[in-house]
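Input: a single structure, listed below in structure tokens.
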Amino acid sequence: MMIYERIATGGCQSYLLGCSETCAAVVIDPEISQVNRYLGLAARDGLRIRYLIDTHTHADHFSGTRQLAHQLGVPVVMHRESPAPYVDMRLDDGDLILVGELRIQAIHTPGHTRDSMCLLTEDRLFTGDTLLIGATGRTDLPTGDPEALYDSLFQHILRLDPSLKVHPAHDYKEQRHSTIAQELAGNPRLQKQDRAAFVEMMRSLNLTMPTHITEALRSNMSGGKTVAQMLSEAAATVPFMSLDELKGRVEAAEEDLIVLDVRERDAYEQGHIPRARLLPRGQLELRVNDDLPDPTRRILSYCEFGRISTLATATLREMGYRRAVALDGGMKAWRDANYPLKSGSAP
Ligand SMILES: [Fe+2]
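First residue of the sequence shown? That's -8 in my numbering, and the numbers climb one at a time after it.
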């Protein structure tokens, strides 16, 4: 018996599959913001995740395979054409992955990307972005190839058992799943069964670029971190102070508190929190010895929106300022609340 969970992140679909006999499990196309959800679902269902599979190099979402692999100590699996250096197990067409009693077969289906594969297990086919419900993956992103997609679809996938359930990596219409037979009958992109007509149709789709494509490709192809990851990792290591709390402490002229404006000089001079000192984030490490000689002081950092100050506070903590805190919010929120401002140059 297969345990099946579908996890949606916007239009992106990921799947947790488990073997009920052995409690081994696999996650297909995990998304980075859902890492805790996969772990929670696996724990709830009594499953242990053994493999993390990406069906292809995603250009439209941030893969969570590396974070899960790091936490769980299990391999990241992709097709051998994947450019990502962090892949632990590279598959060839036809290879099987054993997940307890489950057999998951990789079918190489280039077209959407060169490293695309579909995953076949029991009565289900996880199609990545090769075959979507009522559509196909696009072929205009890096390594996409409409001729290859035609072959992958018409020579391989669509010749499989028509009753197979189709589970794509994208589904914007909440259709959940379909079957090969239903797609053959009703998918508008599959009605052009002639190669040249199919290729021509794919080349003339003129789709808009996915959001975050540059960052997604950078992170998914290199294993590097996203901006959101850098911020959430920093935020996890620092405490915050609320706007109201800070206002009260500034008004009480609390002696012990150093308020640090980590924006650039011109922003500081246009208006800053009373008593704040200027120490731009870019100069932080090189100026702390002169500007902040006492590491036991309580230091609150703020910036315009609360992101740069989170990074600055994490850096201060790393450097031994154990009472460094970041403002929960930033100058924008402070101004919007009509809290007191001071302008002019730094003392
Ligand atoms: Fe994709």
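C-beta atoms are modelled at their ideal positions from N, C-alpha and C, and glycine is treated no differently.
Report buried or exposed for residue i, applying the criterion of at least 16 other Cβ atoms within 10 angstroms of its Cβ.
i: Arg313; result: exposed
i: Arg129; result: buried
i: Asn329; result: exposed
i: Pro179; result: exposed
i: Gln25; result: buried
i: Ala139; result: buried
i: Asp252; result: buried
i: Gly177; result: exposed
i: Glu344; result: Missing from the structure shown is residue 344; the chain here goes from -8 to 338 and no further.
i: Met232; result: buried
i: Arg41; result: buried
i: Thr199; result: exposed
i: Gly297; result: buried
i: Thr127; result: buried
i: Arg194; result: exposed
i: Glu242; result: exposed
i: Leu277; result: exposed
i: Val250; result: buried
i: Glu174; result: buried
i: Ala337; result: exposed
i: Arg254; result: buried
i: Ala244; result: exposed
Measure how close the beta-carbons of residue i and residue j come, nearest whole angstrom, since I'm counting them as under 8 Å.
i: Thr121; j: Thr134; result: Thr121 to Thr134, Cβ: 13 Å. No contact.
i: Asp45; j: Met69; result: 5 Å
i: Val229; j: Ala324; result: Incorrect: roughly 18 Å between the Cβ atoms, too far for contact.
i: Pro286; j: Gly311; result: 5 Å
i: Cys3; j: His161; result: 6 Å
i: Leu8; j: Val90; result: 7 Å
i: Leu234; j: Gly320; result: 5 Å
i: Asp51; j: Ser73; result: That belief does not hold up - the Cβ atoms of Asp51 and Ser73 are roughly 16 Å apart, past 8 Å.
i: Leu82; j: Ala97; result: 4 Å
i: Pro412; j: Gly214; result: Any property of residue 412 remains undetermined from this structure, which presents the chain solely from -8 to 338.
i: Tyr29; j: Val18; result: 5 Å
Cα separation between residue i and residue j?
i: Leu288; j: Ile299; result: For the sequence presented, residue 288 should be read as Arg rather than Leu. Approximately 21 Å between the Cα atoms of the pair.
i: Lys216; j: Ile290; result: 28 Å
i: Gly102; j: Leu302; result: 40 Å
i: Met(-7); j: Val190; result: 37 Å
i: Gln62; j: Asn27; result: 11 Å
i: Leu93; j: Val78; result: 22 Å
i: Ser334; j: Glu295; result: 15 Å
i: Asp20; j: Ser292; result: 38 Å
i: Leu427; j: Ile264; result: Here the chain has residues from -8 to 338 only, and residue 427 is not among them.
i: Ser210; j: Leu132; result: 16 Å
i: Leu43; j: Ser5; result: 11 Å
i: Ala188; j: Tyr163; result: 26 Å
i: Asn197; j: Leu32; result: 38 Å
i: Glu113; j: Ala172; result: 16 Å
i: Arg57; j: Asn280; result: 37 Å
i: Thr205; j: Ser143; result: 26 Å
i: Leu248; j: Asp282; result: 14 Å
i: Ala315; j: Gly55; result: 30 Å
i: Ile124; j: Ala226; result: 39 Å
i: Glu22; j: Asp327; result: 35 Å
i: Leu116; j: Met108; result: 11 Å
i: Ile88; j: Ile95; result: 5 Å
i: Ile(-2); j: Arg240; result: 44 Å
i: Thr202; j: Glu246; result: 47 Å
i: Gly119; j: Thr306; result: 40 Å
i: Asp84; j: Tyr(-5); result: 24 Å
i: Leu275; j: Met322; result: 19 Å
i: Ala34; j: Gln146; result: 40 Å
i: Ala267; j: Leu237; result: 11 Å
i: Met80; j: Thr170; result: 29 Å
i: Phe53; j: Glu165; result: 21 Å
i: Thr0; j: Pro159; result: 13 Å
i: Asp36; j: Met192; result: 44 Å
i: Leu149; j: Arg39; result: 33 Å
i: Thr137; j: Thr104; result: It is worth fixing the name first, because residue 137 is Pro in this sequence and not Thr. Approximately 10 Å between the Cα atoms of the pair.
i: Val218; j: Met212; result: 15 Å
Could you say if the stretch 212 to 231 and the stretch 155 to 163 meet the contact criterion of at least three C-beta pairs nearer than 8 Å? no
With three or more beta-carbon pairs closer than 8 Å as the criterion, would you say the stretch 251 to 260 touches the stretch 269 to 282? yes
Under 8 Å, with one C-beta from each stretch per pair, do the stretch 11 to 25 and the stretch 178 to 190 reach the 3-pair mark? Contact fails: fewer than three Cβ-Cβ distances are below 8 Å.
Is it true that the stretch 45 to 54 meets the stretch 69 to 85, where meeting means three or more beta-carbon pairs spaced less than 8 Å apart? yes
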